[in-house]
Structures are given as structure tokens and as C-alpha cells.
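Report on the structure given below.
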Amino acid sequence: MTDGEILELAASLYGEAVPGKELLRCGTPKTHRAGRVLACQGDEATEAHLVLAGRFFCRKYRTDDSLIPLPALERGAWCGAAECADGGAYLYEAIAAEESVTLCFARPNFALLRRRCPLFDSVALIPSLSQELRRLHSRLADSSPLDRLVSYLLAQRRSIGGVEKQRVSITQAELGAAIGCTRETVNKYLGLLAGRGLIELERSSVVVPSWEKLADYQ
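Quick note on numbering: the sequence shown equals residues 322 to 539 in the working numbering.
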């Protein structure tokens with residue numbers, strides 16, 4: 322991604338409140354191949370990332386190692402900004418769903434950006450915190466097993482070499498552990514989704530013919 326494209330994105334996101342040249346001065350563009358971990362839940366937050374291109378799927382682990390799928394991070398979203406601001410650990414795991422590009426800010430440089438741009442907190446950090454709160458609350462709140470199943474499948478959506486994968490390799494027992502349900506419950510709702518043509522069931526895998534239709538169902 323060129324400097325000019327980054328400047329255009331900064332202008333569309335923040336106008337003159339956060340000059341793109343300051344983002345470029347403090348941050349470093351990084352390319353992340355599909356499957357690369359951007360943030361690991363519980364690790365010290367040493368970097369904040371502004372997503373420039375691509376997509377990262379996210380999930381939060383419970384204490385019993387089951388996971389909660391979270392909405393994906395896309396162009397213009399921040400990852401790790403809140404954690405870098407308060408010196409804490411990453412709150413969730415973020416993994417590149419396809420080849421993606423971020424503007425990476427090491428913690429000292431992130432602090433420098435906030436000092437150099439007095440309006441950064443109000444136009445970027447606080448909105449990012451608000452979005453994170455909504456993302457986490459929307460998934461931590463009680464939801465039905467069917468909702469959790471659909472959310473989990475959507476969180477596995479990724480592209481390899483520009484081609485979107487349709488197969489999710491996972492057993493029903495593993496699905497049950499991931500969303501906190503029995504295998505029987507998972508089997509029931511997989512059958513429901515298959516009956517509506519949203520998925521196809523194969524041995525130890527789920528095939529999603531159309532991710533868009535599955536997302537619309539949610």
C-alpha cells in the first residue's frame with residue numbers, strides 16, 4: 322500500500338484532526354499473510370495496528386478454553402489501541418483471514434502519536450474503545466446455541482491466494498466444545514442449517530457454499 326493511499330485513508334477517517342503524515346511518521350506498514358496472528362489474547366500489548374487492507378477474524382477464549390467468535394476487523398479498524406493506551410494485555414486473538422496490511426505502532430510510537438496529535442484520543446481512540454465495547458458485549462451476552470454456531474462458522478471465513486475457502490475442517494465434538502454446547506445440540510442445529518441450504522455436511526468438516534447467505538441468516 323502506497324503512502325498516498327494511506328494518506329487518503331487517514332483523511333477519510335479523521336479529516337485534519339489526525340494528519341496522515343503523523344500516522345506515517347509514527348507507524349510502519351506491515352503485510353500479514355493469511356493465518357498470521359496479529360494479537361494473542363493475554364500477551365502484553367506491545368503494538369497497536371490500524372487495518373489498511375484485508376480482514377482479521379477475531380475470537381476471545383473463555384477460562385474453560387472454549388471460544389467466543391467476535392466480528393472481524395476490517396479497513397479502518399484498530400487492533401490493540403485500547404490495550405496499548407493503558408499498558409495492558411490483548412483482550413482477544415486476531416488472525417489474518419487473508420493477506421492483509423496494517424499500519425503498526427510500537428507502544429512508544431503509539432504514545433508519541435497521541436502526544437503529537439492532541440485530537441487523536443477524541444476522534445480515533447475513544448471511538449475505537451466504543452466499538453470494542455460493542456463487539457465484546459454483543460458476543461459475551463447470552464445468545465442461543467444456533468447464534469453461537471453461526472457466529473463461530475463466520476469467524477472461520479478466510480481467503481487463501483485471493484480464493485475464499487468454503488470448507489471448515491472441524492468435528493461436531495470440537496464444534497460443541499468451541500461454542501459451549503453438547504454434540505447433540507450441535508448436530509441438531511447443523512441439520513437445521515443444512516436443511517435450509519446454508520451449509521453442507523461432510524465427514525469432519527462443514528462446507529459453506531455462500532458466506533454472504535450465512536451472514537444474512539445471522
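The C-beta atom is built at its ideal place from N, Cα and C for all residues, glycine as well.
As the structure is a computational prediction, the values presented were derived from the model and not from experiment.
DSSP places Lys342 inside the alpha helix (DSSP H), whose first and last residues are Gly341 to Cys347. Between Ala432 and Cys405, the CB-CB gap stays under 9 Å.
Here DSSP, grouped into helix, strand and coil, assigns Tyr382 to strand.
Across the structure, Ala331 and Pro390 are spaced so that their CA atoms are roughly 29 Å apart. Burial of Ala403 is indicated by the presence of at least 16 other C-beta atoms within 10 angstroms of its C-beta. As the crow flies, the alpha-carbon of Ile447 is around 38 Å from that of Ser490. For secondary structure counted as the alpha helix (DSSP H) over 4 or more consecutive residues, the segment 398–447 holds these complete runs in sequence order: 402–407 and 428–437.
Sorting Leu511, Leu496 and Arg380 by C-alpha distance to the C-alpha of Ala476 places Arg380 at the top. Under a 10 Å Cβ-count criterion, Thr423 is classified as buried, with 16 or more other Cβ atoms of the shown protein chains found around its own Cβ. Under the DSSP assignment, Pro466 falls in the alpha helix (DSSP H) whose first and last residues are Pro466 to Ala476.
In its chain, beyond the 5 residues on either side, Phe441 and Asp442 have a beta carbon closer than 7 Å to the beta carbon of Arg435.
For Val507, no beta strand (DSSP E) encloses it; the enclosing alpha helix (DSSP H) starts and ends at Arg504 to Gly516. Residue environment: Glu495 is assigned as exposed (fewer than 16 neighbouring CB atoms within 10 Å of its CB, all protein chains considered). Sixteen is the threshold: when 16 or more other Cβ atoms of the shown chains lie within 10 Å of the Cβ of Ser449, as they do, the residue is buried. Residues Ile416, Ala417 and Arg479 of the same chain have their beta carbon placed closer than 8 Å to that of Gly356, with the five preceding and five following residues left out of the count. Taking 8 Å as the upper bound for CB-CB distance, Thr352 and Glu419 are not in contact here, some 11 Å apart. For Gly325, the closest of Glu368, Leu373, Ala366 and Ala338 by C-alpha to C-alpha distance is Leu373. Leaving aside the five residues that flank Gly512 on each side, none in its chain has a CB nearer than 6 Å to its CB.
In this structure, Val528 keeps its C-beta atom at 9 Å or more from the C-beta atom of Pro466.
Taking the Cα positions, Phe377 is about 31 Å away from Glu505.
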